[in-house]
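S.K.: Quick note, the sequence shown lines up with residues 577 to 692 if you use our numbering. Just so it is clear, CB atoms sit at the ideal spot from N, CA and C, and this is done for glycine as well. Would you mind keeping the following structure in view while I ask a few things?
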Amino acid sequence: MGCFKNIAWLMWSWKCNNCDYLRLGTSIMGTVEPFCLKRLNEEDSWTLFSRRAFGTCQLDSSKLVEIGKKIVYKCHGGPLALKSMGGLMSTKHEIRDWLAILKAILGMRKTKYGQH
């Protein structure tokens, strides 16, 4: 087995019991049933993202909030995407950097599964 001994995977499931879910599963020397997580709503998505992106700092830029909310929208409620993007944005302190990342996200094409 070598380097493939421990494998973890993530995949979006388009529908699961008529609701959107994020499917998480792990496989260690075999398969395990996936664990379904519901996507976060808009408020919870913003909370998760902004805590990572801004920490406990006071938000002094309404422009960063505006850009951040657009980034959150493009994460489609996925907790992993929100935490990852929040972490990335926490390293960016200039509006131009936030705009460049937003532009890159907006330029992404949808996959055949309908997700980015």
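Tell me whether Cys-592 sits in a helix, a strand or coil according to DSSP, three-state version.
M.R.: Note that Cys-592 has pLDDT 49, beneath the 50 cutoff, so the model's placement of it is unreliable and no number is given.
S.K.: Below 8 Å between beta carbons: does that hold for Leu-658 and Ser-621?
M.R.: For Leu-658 and Ser-621, yes; Cβs fall inside 8 Å.
S.K.: State the Cα-Cα distance for the pair Ser-603 and Lys-639, rounded to the nearest angstrom.
M.R.: Reliability fails at Ser-603, whose pLDDT of 49 lies under 50, so the model's placement of it is uncertain and no value is given.
S.K.: Using 10 angstroms around the beta-carbon of Met-661, count the other beta-carbons present and answer buried if the total reaches 16, otherwise exposed.
M.R.: Buried, since its Cβ has 16 or more Cβ neighbours within 10 Å.
S.K.: Using only the alpha-carbon positions, how far apart do Asp-673 and Gly-644 sit?
M.R.: If you take the alpha carbons of Asp-673 and Gly-644, they lie about 12 Å apart.
S.K.: Is Leu-656 buried or exposed, if buried means 16 or more other CB atoms sit within 10 Å of its CB?
M.R.: Answer is exposed; the Cβ neighbour count stays below 16.
S.K.: Hey, Ser-637 and Ile-671 are a contact pair by Cβ (cut 8 Å); roughly how many whole angstroms apart?
M.R.: Right, the Cβ-Cβ distance comes to about 7 Å (below 8 Å), so this counts as a contact.
S.K.: At the level of alpha carbons, what is the spacing between Ser-666 and Met-684?
M.R.: Cα to Cα, Ser-666 sits roughly 22 Å from Met-684.
S.K.: According to DSSP, simplified to helix, strand and coil, what is Lys-668?
M.R.: If DSSP states are grouped into helix, strand and coil, Lys-668 belongs with coil.
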